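From first to last, the protein sequence lines are chains C and P. full-length UniProt numbering puts the first residue of the first sequence at 1, with every later residue one more than the last. full-length UniProt numbering puts the first residue of the second sequence at 1, with every later residue one more than the last. C-beta: ideal position from N, C-alpha, C; glycine also. Note that this is a predicted model, so its numbers are computed, not measured. A short worksheet on the structure shown next.
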Amino acid sequence: MMELVCPAGTPAALRAAVDAGAHTVYCGFADETNARNFPGLNFSREEMAAGVDYAVARGARVLVAINTYPRAGAQVVWHRAVADAHAAGAHAVILADPGLIAHAAETHPDLRLHLSVQAAAANPDAINLYADSFGIRRVVLPRVLTVEEITAINREIDIETEVFVFGGLCVMAEGRCSLSSWATGLSPNMNGVCSPAGHVAYAETEGANEARLGGWLIHRTPKGGPAPYPTLCKGCFSAPATDTAPAQTGHIFEDPVSLDATELIPRLHKAGVTALKIEGRQRSRAYVAQVVRSFRAAVEAADRGEPMPAGLLAKLTEGQAATTGAYAKTWR
Amino acid sequence: MTQTPALPRLLGPLALLPLATPALGLALTRLLRRIARQKPAILARLGDARSARFLIDVTDGPVILLIEPEPRRITASRRDRPEPVHDAAIRGRMAAFLAMLHGREDGDALFFSGELAITGDTGAVLALRNALDDAELDLTEELAALSRPPLDRWLRHASALVARRSGFVLSREEPQP
Chain C
1 MMELVCPAGT
11 PAALRAAVDA
21 GAHTVYCGFA
31 DETNARNFPG
41 LNFSREEMAA
51 GVDYAVARGA
61 RVLVAINTYP
71 RAGAQVVWHR
81 AVADAHAAGA
91 HAVILADPGL
101 IAHAAETHPD
111 LRLHLSVQAA
121 AANPDAINLY
131 ADSFGIRRVV
141 LPRVLTVEEI
151 TAINREIDIE
161 TEVFVFGGLC
171 VMAEGRCSLS
181 SWATGLSPNM
191 NGVCSPAGHV
201 AYAETEGANE
211 ARLGGWLIHR
221 TPKGGPAPYP
231 TLCKGCFSAP
241 ATDTAPAQTG
251 HIFEDPVSLD
261 ATELIPRLHK
271 AGVTALKIEG
281 RQRSRAYVAQ
291 VVRSFRAAVE
301 AADRGEPMPA
311 GLLAKLTEGQ
321 AATTGAYAKT
331 WR
Chain P
1 MTQTPALPRL
11 LGPLALLPLA
21 TPALGLALTR
31 LLRRIARQKP
41 AILARLGDAR
51 SARFLIDVTD
61 GPVILLIEPE
71 PRRITASRRD
81 RPEPVHDAAI
91 RGRMAAFLAM
101 LHGREDGDAL
111 FFSGELAITG
121 DTGAVLALRN
131 ALDDAELDLT
141 EELAALSRPP
151 LDRWLRHASA
161 LVARRSGFVL
171 SREEPQP
């Protein structure tokens with residue numbers, strides 16, 4: 001059966017994921033060392049150790065994401081996170097920064113290393129470099145590849161691949177995106193926060209809800225209507241009319257939709273993918289329980305060669321709409 | 001989500017009784033202090049947002065609540081009075097708040113669908129949402145714990161009955177196998 005890798009932003013969400021059938025749960029410490037450094041989220045050292053114990057006692061595993069890029073002069077914060085994840089009994093750590101990966105490989109030779117999607121390793125040469133240089137055992141593939149491309153990559157590498165199958169989508173330059181930095185000075189890559197909540201402001205004006213990021217108006221939606229995350233990449237912008245073109249309003253980076261690749265699970269299995277990842281460490285235990293239950297049923301069905309269950313998760317998705325993203329790319 | 005205005009409509013006239021809102025505020029403050037004692041991780045997760053003042057506007061309810069975590073105080077005020085000064089506000093129907101608190105519905109999904117709206121200090125709202133989600137609260141059990149037998153037993157029965165009749169989620173959602 002394909003491995004189901006599920007998110008947990010809190011100990012309650014970790015328990016919900018394990019109870020709902022997650023094979024593996026990924027989470028992070030409550031600081032800037034992981035890419036979901038949001039208020040009220042994540043694990044203390046004690047909570048991480050207890051979470052690992054809870055998972056292991058029920059046959060599940062815990063991965064610790066330490067996938068931001070260390071600040072120069074402050075590497076010790078990230079080094080301590082790797083050491084504490086190891087001490088807590090994590091099955092593996094998920095890393096992106098080559099310097100931190102080198103440190104982990106040298107200092108903790110028995111610790112399993114996974115390459116984060118934040119490293120944006122999207123071809124066999126890049127993946128093999130990480131595998132040969134640091135002993136990386138699994139790569140989380142960026143969400144830019146078709147199923148055929150994943151098949152081709154798996155033929156040329158000797159390590160496991162993990163792919164996202166559900167949740168929020170990023171612009172297709174993970175680990176390289178500077179949109180949040182541009183608007184707020186803080187980024188998921190360095191600070192663990194995309195569009196930090198402290199820089200987001202919502203207001204009701206003339207029957208509409210407005211969202212601003214760092215003072216920039218990024219979308220205006222009808223009051224009571226669907227709303228996306230307040231990120232620049234999902235922003236809806238207007239351009240005034242010019243002499244040659246009428247006024248325009250639209251999403252210029254990407255539409256506010258979420259990934260749902262349930263129907264592609266059999267093809268991903270055939271492509272040689274080891275593990276399926278669900279996005280959403282910032283989401284609640286209700287989301288975790290519902291999504292994990294649904295995907296556990298799907299991977300079991302795939303294992304039995306049965307058809308994939310119909311998508312039942314639209315309500316949980318951004319924009320209340322889903323896409324198969326780049327896996328079934330038609331726009332190239 | 002199952003929604004019905006019946007319960008809020010029944011509660012409406014009660015809010016107009018003299019001293020009803022101060023009494024509700026005192027009762028909720030007692031509940032909040034018990035929860036803070038039993039689950040100190042909530043305040044730890046709130047971090048700097050502990051000092052924020054949260055306005056909870058249950059739009060189909062008769063009163064507006066102001067939650068102040070640091071002094072551990074909840075104040076109720078009538079909807080026809082001016083809103084109290086606050087740092088962040090969360091607005092939505094009673095069914096949405098109860099479903100989120102008890103782990104039936106996801107807060108982001110309620111936000112995406114427009115069932116919950118937030119204004120003010122977004123970081124504080126996020127911290128509160130995450131802290132409460134991790135706490136796995138059960139309002140029926142918390143209220144029962146404040147009551148002496150046999151009132152606690154009657155309260156559980158009444159809560160289950162109201163939940164069945166109204167569709168409101170009044171107890172923690174238990175994990176399904």
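Hey, out of the options, whose CA is closest to residue i's CA?
i, options, result
"P:N130", "C:A227, C:N37, C:N189", "C:N37"
"P:G120", "C:D19, C:L213, C:A13", "C:L213"
"C:E206", "C:K223, C:G175, C:L217", "C:K223"
"P:S77", "P:F112, P:L28, P:R45, P:L151", "P:L28"
"P:L32", "P:T59, P:W154, P:R153, P:L139", "P:L139"
"C:Q248", "C:R304, C:P256, C:V257, C:S238", "C:S238"
"P:R79", "P:A96, P:P13, P:V162", "P:P13"
"C:V117", "C:H91, C:G250, C:L145, C:V18", "C:L145"
"C:A131", "C:D158, C:L111, C:D110, C:V140", "C:D158"
"C:D84", "C:L115, C:P98, C:T33", "C:T33"
"P:G61", "P:A95, P:H86, P:E142, P:L146", "P:A95"
"P:R45", "P:L128, P:L161, P:E173", "P:L128"
"C:A22", "C:Q290, C:A326, C:A152, C:T324", "C:Q290"
"C:G225", "P:D87, P:S166, P:G92", "P:G92"
"C:P142", "C:E160, C:T323, C:F164, C:L129", "C:F164"
"P:D133", "C:V76, C:R285, C:A326, C:N67", "C:R285"
"C:P188", "C:Y69, C:R138, C:R137, C:T24", "C:Y69"
"C:P124", "C:R112, C:I101, C:E156, C:R296", "C:E156"
"C:S294", "C:K270, C:T262, C:R304, C:A322", "C:T262"
Taking the C-alpha atoms as reference points, what is the distance between residue i and residue j?
i, j, result
"P:R81", "P:L17", "14 Å"
"C:T10", "C:I94", "18 Å"
"C:N154", "C:V273", "8 Å"
"C:M2", "C:R267", "12 Å"
"C:F253", "C:E149", "23 Å"
"P:A124", "C:S133", "43 Å"
"P:A49", "C:E46", "22 Å"
"C:A298", "C:A119", "28 Å"
"P:A52", "P:A117", "18 Å"
"P:P22", "P:V58", "17 Å"
"C:I278", "C:A104", "25 Å"
"P:L126", "P:G103", "16 Å"
"C:R283", "C:A12", "11 Å"
"P:T4", "P:H157", "In this predicted model, P:T4 has a pLDDT of only 44, less than 50, meaning its place in the structure is not dependable enough to derive any value."
"P:M1", "C:L232", "The predicted model places P:M1 with a pLDDT of 47, which falls under 50 and marks its position as unreliable; any figure quoted below should be read in that light. Going from the Cα of P:M1 to the Cα of C:L232 covers about 30 Å."
"C:E162", "C:L63", "13 Å"
"C:R58", "C:L4", "15 Å"
"C:L14", "C:A241", "50 Å"
"P:G114", "C:A227", "7 Å"
"C:L264", "C:P309", "11 Å"
"P:L43", "P:A36", "7 Å"
"C:A17", "P:L19", "45 Å"
"P:A89", "P:I74", "14 Å"
"C:E210", "C:E300", "43 Å"
"C:A326", "C:D260", "11 Å"
"C:N128", "C:T107", "21 Å"
Determine the extent of the alpha helix (DSSP H) in which residue i is found, giving its start and end residues.
i, result
"P:N130", "122-135"
"C:Q282", "Looking at the DSSP string, C:Q282 is not in any alpha helix (DSSP H), and its letter there is neither H nor E."
"C:Y54", "45-57"
"P:T140", "139-145"
"C:R143", "Looking at the DSSP string, C:R143 is not in any alpha helix (DSSP H), and its letter there is neither H nor E."
"C:T184", "179-184"
"C:P266", "265-270"
Per DSSP, which one or two residues make a beta bridge with residue i?
i, result
"C:N189", "In the DSSP output, where bridge partners are listed per residue, C:N189 has none listed."
"C:Y202", "C:A211"
"C:D260", "C:F166"
"C:W216", "C:L213"
"C:H114", "C:I94, C:R138"
"C:T24", "C:V5, C:R61"
"C:N237", "A quick correction: the sequence has Phe, not Asn, at residue 237 of chain C. DSSP output for C:F237 lists C:G250 as bridge partner(s)."
"P:P150", "None; P:P150 has no bridge partner."
"C:T323", "C:L259"
If you follow the beta strand (DSSP E) that residue i is part of, which residue opens it and which one closes it?
i, result
"C:Y229", "No beta strand (DSSP E) contains C:Y229, which DSSP labels as neither H nor E."
"C:I159", "No beta strand (DSSP E) contains C:I159, which DSSP labels as neither H nor E."
"C:V77", "No beta strand (DSSP E) holds C:V77; the alpha helix (DSSP H) holding it covers 75-88."
"C:E3", "3-7"
"C:L276", "275-278"
* Asked: In the UniProt domain "SCP2" (33-133) of chain P, which residue ranges form an unbroken beta strand (DSSP E) of at least 3 residues, counting only runs that do not cross its ends?
  -> 54-58, 63-68, 73-78, 88-92, 116-120
* Asked: Listed in chain order, which residues of the segment 42-72 of chain P have Cβ atoms closer than 7 Å to some Cβ of chain B?
  -> The chain inventory of the structure shown lacks chain B, comprising the protein chains C and P.
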